[in-house]
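K.L.:
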Ligand SMILES: N[C@@H](CCC(=O)N[C@@H](CS)C(=O)NCC(=O)O)C(=O)O
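In the numbering used here, the protein residues as written are 1389 to 1628.
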């Protein structure tokens, strides 16, 4: 049985897993879990991941949740090139440092912008107070500043001269507020140059294909129907 990846490319962690699998020619079956339709809460998907989140992986009888765990599983199982997760002690530590930091910083703040600018007003039809938007933007800017000054510093990529899992996980999260119509690269030449290097290392075609949906999200997200809305409403308190 082919390895299965349960994904929705609107989701940042799904994009990192998808790019990693494609870029490394890892054979897999793409199992669509539509977040907008609430598939993540359906009985079928819960047999794969009780956490009710994507991405998820099934490899025979083995099921795995959490994008970072999935990326590391794929890297180990398919013995992907060293630069993705370097064996060198300190380079690996740099990758681990970013992967540990990003959950409650870049990921959280990029997500919040997407919810406040797209999902809450356009998907759920609710107004978002300006002070919430301002606070979210300040948090996002602080994370982007740290990515430039601490994580990229004066290196081409986070761990050194090559792309690694840290850059991959970073870029997919940074593209989420871009999908919400916020050009985070404007006025940030160091971040823009790094984005160009990461996009080139991934391959521009793959990078653009994977981000196509989210970059159209601002204009394409439609008001959700009542049943789907019910799934998403409890999550609003996480972001407002
Ligand atoms: N820490 C998890 C986060 C996964 C996650 O939050 N996935 C979101 C999409 S980006 C999801 O499935 N949300 C569905 C929901 O909350 O109902 C990972 O890195 O895989």
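Cβ atoms here follow ideal geometry from the backbone N, Cα and C, with glycine treated the same way.
1) For residue 1612 and residue 1598, I'd like the C-alpha separation in whole angstroms.
2) Might you give, ordered along the chain, the residues of its own chain that have their beta carbon closer than 7 Å to the beta carbon of residue 1390, omitting 5 neighbours on each side?
3) With a cut-off of 8 Å on the beta carbons, I'd call residue 1558 and residue 1494 a contact; round off their distance for me.
4) Out of 1550, 1575, 1560, which has the shortest C-alpha to C-alpha gap to residue 1585?
5) For residue 1491, count the other beta carbons within 10 Å of its own beta carbon; 16 or more makes it buried, fewer makes it exposed. Which is it?
6) Should residue 1599 be counted as a contact of ligand 1 given a C-beta to heavy atom distance under 8 Å?
7) Would you call the region 1609-1626 in contact with the region 1499-1510, where contact means no fewer than 3 C-beta pairs closer than 8 Å?
8) How big is the Cα-Cα spacing for residue 1426 and residue 1465?
9) As a quick check of your reading: which residues have a C-beta less than 5 Å from at least one non-hydrogen atom of ligand 1, in chain order?
10) For residue 1444, write down the residues that DSSP places opposite it in a beta bridge.
11) What does the Cβ neighbour count give for residue 1561, buried or exposed, with the cut at 16 atoms within 10 Å?
12) Taking the C-alpha atoms as reference points, what is the distance between residue 1528 and residue 1534?
13) Taking its Cβ as the centre, do 16 or more other Cβ atoms sit within 10 Å of residue 1563, making it buried, or is it exposed?
14) Determine the direct distance from the alpha carbon of residue 1511 to that of residue 1519, and round the result to whole angstroms.
15) Hey, quick one: how far does the beta strand (DSSP E) through residue 1417 stretch, first residue to last?
16) Look up residue 1548 in the DSSP assignment and give the residues it is bridged to.
17) Three or more C-beta pairs under 8 Å: does that hold for the region 1475-1488 against the region 1539-1549?
18) Any beta-carbon of chain B closer than 9 Å to the one on residue 1547?
19) Is it buried or exposed for residue 1450, if we count other Cβ within 10 angstroms and need 16 for buried?
20) Which residue from 1397, 1516, 1455, 1399 puts its Cα closest to that of residue 1553?
21) Would you give the residue range spanned by the alpha helix (DSSP H) that residue 1434 belongs to?
22) Compare the beta carbon distance of residue 1633 and residue 1443 with 9 Å and say whether it is the shorter of the two.
23) Look at residue 1602 and residue 1572 and say whether their C-beta atoms are less than 9 Å apart.
P.N.:
Walking through what the data contain:
1) By one-based count along the chain shown, residue 1612 stands at place 224. By one-based count along the chain shown, residue 1598 stands at place 210. Approximately 23 Å between the Cα atoms of the pair.
2) Working through the chain shown from its first residue, we reach residue 1390 at position 2. Only residues of its own chain outside the window of five on either side were considered, and among them 1415, 1416, 1417 have a CB closer than 7 Å to the CB of residue 1390, listed in chain order.
3) Walking along the chain shown from the start, residue 1558 turns up at place 170. Walking along the chain shown from the start, residue 1494 turns up at place 106. Contact holds; Cβ gap of about 7 Å.
4) On the chain shown, position 197 is the one that residue 1585 refers to. If we check each option's Cα against that of residue 1585, 1550 comes out closest.
5) Indexing the chain shown from 1 puts residue 1491 at position 103. Burial call: exposed.
6) The sequence position of residue 1599 within the chain shown is 211, counting from 1. Incorrect: residue 1599 has no Cβ contact closer than 8 Å to ligand 1.
7) yes
8) To locate residue 1426, count along the chain shown from 1; it is residue 38. To locate residue 1465, count along the chain shown from 1; it is residue 77. Near 31 Å, if we compare the C-alpha coordinates of residue 1465 and residue 1426.
9) 1399, 1401, 1428, 1441, 1442, 1454, 1455
10) Walking along the chain shown from the start, residue 1444 turns up at place 56. According to DSSP, residue 1444 bridges with 1394, 1453.
11) Mapped onto the chain shown, residue 1561 falls at position 173. Answer is buried; the Cβ neighbour count reaches 16.
12) If you number the chain shown from 1, residue 1528 lands on position 140. If you number the chain shown from 1, residue 1534 lands on position 146. Approximately 10 Å, taken between the alpha carbons.
13) Residue 1563 sits at position 175 when you count from the first residue of the chain shown. Answer is buried; the Cβ neighbour count reaches 16.
14) Indexing the chain shown from 1 puts residue 1519 at position 131. Indexing the chain shown from 1 puts residue 1511 at position 123. The straight-line gap from Cα to Cα measures roughly 20 Å.
15) For the purposes of this step, residue 1417 is taken as residue 29 along the chain shown, with counting starting at 1. Its beta strand (DSSP E) spans residues 1417-1420.
16) Your numbering for residue 1548 matches position 160 in the chain shown. Answer is 1545.
17) Segments in contact, yes.
18) You won't find chain B in this structure, because it holds only one protein chain.
19) Counting from one through the chain shown, the residue named residue 1450 turns up at place 62. Per the 10 Å Cβ criterion, exposed.
20) The count along the chain shown starts at 1 and reaches residue 1553 at position 165. Checked all of 1397, 1516, 1455, 1399; the closest Cα to residue 1553 is 1455.
21) Position 46 of the chain shown, counting from 1, holds the residue named residue 1434. Segment 1431-1434, the alpha helix (DSSP H) holding residue 1434.
22) The chain is shown from 1389 up to 1628; residue 1633 falls before or after that span and cannot be answered.
23) Within the chain shown, the letter at position 214 stands for residue 1602. Within the chain shown, the letter at position 184 stands for residue 1572. Cβ atoms of residue 1602 and residue 1572: not closer than 9 Å.
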